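Enquirer: Start counting at 1 in the sequence shown, then tack on 270, and there's your number in our numbering.
Cβ coordinates follow ideal geometry from the N, Cα and C atoms, glycine included.
Computed from a prediction, not measured in an experiment: that's the story for all the values here.
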Amino acid sequence: MIRRSEGAGAEPPGRFDPVRIALAGLLRCHEPPIPESLARLVNGLGPVDAWSAIAHGTAPADVSTPIAPRLAGLDPAELNRRAIDDLHRARAAGAELIGPDDQDWPADTFAGLASLVPYDGCRTAAPPLALYRRGGRWPTDAGRAVSVVGSRSATAYGQRVATELGAGLATEGFTVVSGAAFGVDVAAHRGALYAGDQPGAPLPAGGVTVAVLACGIDRSYPVAHRALLDAAAACGSVVSEYPPGAVPARHRFLVRNRLIAALAAATVVVEAGRRSGSLNTATSAGSLGRQVLAVPGPVGSAMSVGCHDLIRDRRAELVTGARDVIGLVGPLRPAEPVHRPGDRATDGLDLVTSRVHEALPARGGAAVDEVAAEAGLPVPDVLGALAELEMRDLAARSGGTWRRSGASPDPACRA
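Spelled out as structure tokens, the structure:
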């Protein structure tokens, strides 16, 4: 946890307090994630004194050597000027810089990143020193957030599943976290934003979603998603640990994936090829002790190979929709029946109740003893089964007779 420094707090228009300037400078001087040596310096001195040591060249060698190329030829005044310029550019984009001194900083959420197992493209995985944020609603409690990730070249199937996941999770009050990329990411964001809204209504619709960028907060990337990012900021947040103006790059997408994993209780992989970057997010989630979930796809689809590998290797739970996800990560509550394609209303009946159901006439009615004779069961057993069927809306009583009701009879039982 970064030690609180004097002067932290809301700054007047056009001015920034020393903590904000220091954090902005620290974000610019080293490519995220920061190494352990820099984290120790900031945690020990606080951001203001740590930034001063770096700017004046008095930081330990293990801190100053890696960042020397970014500071070469710049004196402390110029370094401060550039940090302040970053803050102005962020403000012009409607963003602010927040850090561990701020009330809604999710310290517990990010704490596990300090011990995250490094993965391809992310040699260290320290918590962010600070984040530029546009919008104010984001998951301070990871327990009420779910990350949805997957392929940029998602199929129509993957986009539909991701949209339905985003909408279903947002409707139940979960924040949907993703990376605003093409394919699965944007489908999940849109699903959350349109949750509960009427078809054709303009954004935003009110679902909370968080987009984690791999570029500066002042950039809309992809450019085609500018309106989506504006809507996400209005209903949730857009965040980045990169200084304004930073361009998207492959290694930055891999590094930001750890934040997508950390901000949520679970990560759902919808479609992923064998080399998909979304598998890095799943790896981070598993290392953080978060739940990893995967949606199966067609057995011959190259776009679902990564999901199938996760499920087969028992690194992920199989899920097919928002209800499955909520059942695994949501608060304990009575299980809701989940309808899946091919389900029948009579699925789950025990043998006796099923025999009684089959013995009931679809039209007209039959007395209890007639049903018992048709089913070949004692009357007491039939009475108990009829009560169960009536509760499930599979049997209806009229006077002294009984008949089927509710869902249509199973096709195999039709005359």
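Which of helix, strand or coil does DSSP assign to Q373?
Expert: Here residue 373 refers to the residue found at position 103 of the sequence shown. Under the three-state reduction of DSSP, Q373 is assigned to coil, being neither helix nor strand.
Enquirer: Does the distance from the CB of V447 to the CB of A415 come in under 8 Å?
Expert: Position 177 of the sequence shown, counted from the start, is the residue given in the question as residue 447. Position 145 of the sequence shown, counted from the start, is the residue given in the question as residue 415. Yes.
Enquirer: With a CB to CB cut of under 7 Å and the five nearest residues on each side skipped, what residues in its chain are close to V431?
Expert: Translated into positions along the sequence shown, residue 431 becomes position 161. Counting only Cβ-Cβ distances below 7 Å, and skipping sequence neighbours, we find V540 and V565.
Enquirer: Between the C-alpha atoms of H300 and L308, what's the straight-line distance to the nearest angstrom?
Expert: Taking the sequence shown and counting its residues from 1, one reaches residue 300 at position 30. Taking the sequence shown and counting its residues from 1, one reaches residue 308 at position 38. Answer to the nearest angstrom: the Cα atoms are 9 Å apart.
Enquirer: What does the alpha-carbon distance come out to for the pair D513 and Y464?
Expert: As a working mapping, residue 513 is identified with position 243 in the sequence shown. As a working mapping, residue 464 is identified with position 194 in the sequence shown. In the sequence on display, residue 513 carries Pro and not Asp. Distance between the alpha carbons of P513 and Y464 is about 30 Å.
Enquirer: If I measure Cβ to Cβ from A362 and keep anything under 8 Å in the same chain, skipping five residues before and after, which residues do I get?
Expert: In the sequence shown, residue 362 corresponds to position 92, counting from 1. So the qualifying residues of the chain are D488.
Enquirer: Consider the C-beta atom of L311 and the heavy atoms of the ligand MN; say whether any pair is separated by less than 7 Å.
Expert: In terms of ligand content, the structure shown is empty, and the ligand MN therefore cannot be addressed.
Enquirer: Less than 8 Å between the CB atoms is what I'm expecting for C485 and V454, so what's the real figure, rounded?
Expert: Working through the sequence shown from its first residue, we reach residue 485 at position 215. Working through the sequence shown from its first residue, we reach residue 454 at position 184. Actually they do not touch by this definition, with Cβ atoms about 19 Å apart.
Enquirer: Compute the Euclidean distance between the alpha carbons of L533 and N527, then round it to the nearest angstrom.
Expert: The residue labelled residue 533 in the question sits at position 263 within the sequence shown. The residue labelled residue 527 in the question sits at position 257 within the sequence shown. Distance between the alpha carbons of L533 and N527 is about 10 Å.
Enquirer: To the nearest angstrom, report how far apart L549 and L341 are at their CA atoms.
Expert: Working through the sequence shown from its first residue, we reach residue 549 at position 279. Working through the sequence shown from its first residue, we reach residue 341 at position 71. Approximately 35 Å, taken between the alpha carbons.
Enquirer: In angstroms, rounded to a whole number, what distance separates the CA positions of W375 and T410?
Expert: Counted from its first residue, the sequence shown places residue 375 at position 105. Counted from its first residue, the sequence shown places residue 410 at position 140. Near 7 Å, if we compare the C-alpha coordinates of T410 and W375.
Enquirer: CA-CA distance, S519 and G477?
Expert: Along the sequence shown, one-based indexing puts residue 519 at 249. Along the sequence shown, one-based indexing puts residue 477 at 207. According to the sequence displayed, residue 519 carries Ala and not Ser. Going from the Cα of A519 to the Cα of G477 covers about 29 Å.
Enquirer: In this structure, does DSSP put L558 in helix, strand or coil?
Expert: Sequence index remark: in the sequence shown, residue 558 carries index 288 (1-based). It is coil, neither helix nor strand.
Enquirer: Just to check my reading of the structure: T623 and L653 have Cβ atoms closer than 8 Å, yes? What is that Cβ distance to the nearest angstrom?
Expert: The count along the sequence shown starts at 1 and reaches residue 623 at position 353. The count along the sequence shown starts at 1 and reaches residue 653 at position 383. The Cβ separation is near 11 Å, so there is no contact.
Enquirer: So what's W408 in DSSP terms, helix, strand or just coil?
Expert: As a working mapping, residue 408 is identified with position 138 in the sequence shown. Coil, per DSSP.
Enquirer: When you compare the segment 664 to 671 with the segment 628 to 644, are there three or more beta-carbon pairs, one atom per stretch, that lie closer than 8 Å?
Expert: yes
Enquirer: L563 bridges to which residues according to DSSP?
Expert: Here residue 563 is taken as the residue at index 293 of the sequence shown, counted from 1. Answer is V538 and E587.
Enquirer: If you scan the segment 285 to 368 from start to end, which runs of the beta strand (DSSP E) of 3 or more residues do you find wholly inside it?
Expert: 365 to 368
Enquirer: Between the segment 325 to 341 and the segment 495 to 502, do three or more beta carbon pairs fall short of 8 Å?
Expert: no
Enquirer: Would you grab the beta carbon distance between A294 and A353 for me? Rounded to a whole angstrom, and I think it's under 8 Å.
Expert: Counted from its first residue, the sequence shown places residue 294 at position 24. Counted from its first residue, the sequence shown places residue 353 at position 83. Contact check for A294 and A353: beta-carbon distance about 4 Å, within the 8 Å limit, so the pair qualifies.
Enquirer: For E434 and T551, I'd like the C-alpha separation in whole angstroms.
Expert: Numbered from its first residue, the sequence shown carries residue 434 at position 164. Numbered from its first residue, the sequence shown carries residue 551 at position 281. Computed Cα separation, rounded: 21 Å.
Enquirer: So what's L507 in DSSP terms, helix, strand or just coil?
Expert: Along the sequence shown, read from residue 1 onward, the residue named residue 507 stands at position 237. Correcting the residue identity first, residue 507 is Ser in this sequence and not Leu. Residue state, collapsed to three classes: strand.
Enquirer: Do you know whose CA, among L315, L580 and A395, lies nearest P302's CA?
Expert: One-based indexing of the sequence shown puts residue 302 at position 32. Selected option, being the one with the closest Cα: A395.
Enquirer: Along the chain, where does the alpha helix (DSSP H) containing A532 start, and where does it finish?
Expert: For this step, residue 532 is matched to residue 262 along the sequence shown. Segment R520 to A532, the alpha helix (DSSP H) holding A532.
Enquirer: Just tell me which of R351, P305, P568 and G600 has its CA closest to the CA of G428.
Expert: Counting from one through the sequence shown, the residue named residue 428 turns up at place 158. Looking from the CA of G428, the closest CA among R351, P305, P568 and G600 belongs to P568.
Enquirer: Please name the residue in V482, A502 and W321 whose C-alpha comes closest to that of L349.
Expert: Stepping through the sequence shown from its first residue, residue 349 is reached at position 79. Cα-wise, what sits closest to L349 is W321.
Enquirer: Three-state secondary structure (DSSP) at S417?
Expert: Position 147 of the sequence shown, counted from the first residue, corresponds to residue 417. DSSP places S417 in strand when its eight states are reduced to three.
Enquirer: Locate the beta strand (DSSP E) running through A481, then write down its first and last residues.
Expert: In the sequence shown, counting from the first residue as 1, residue 481 sits at position 211. Element bounds for A481: T479 to V482.
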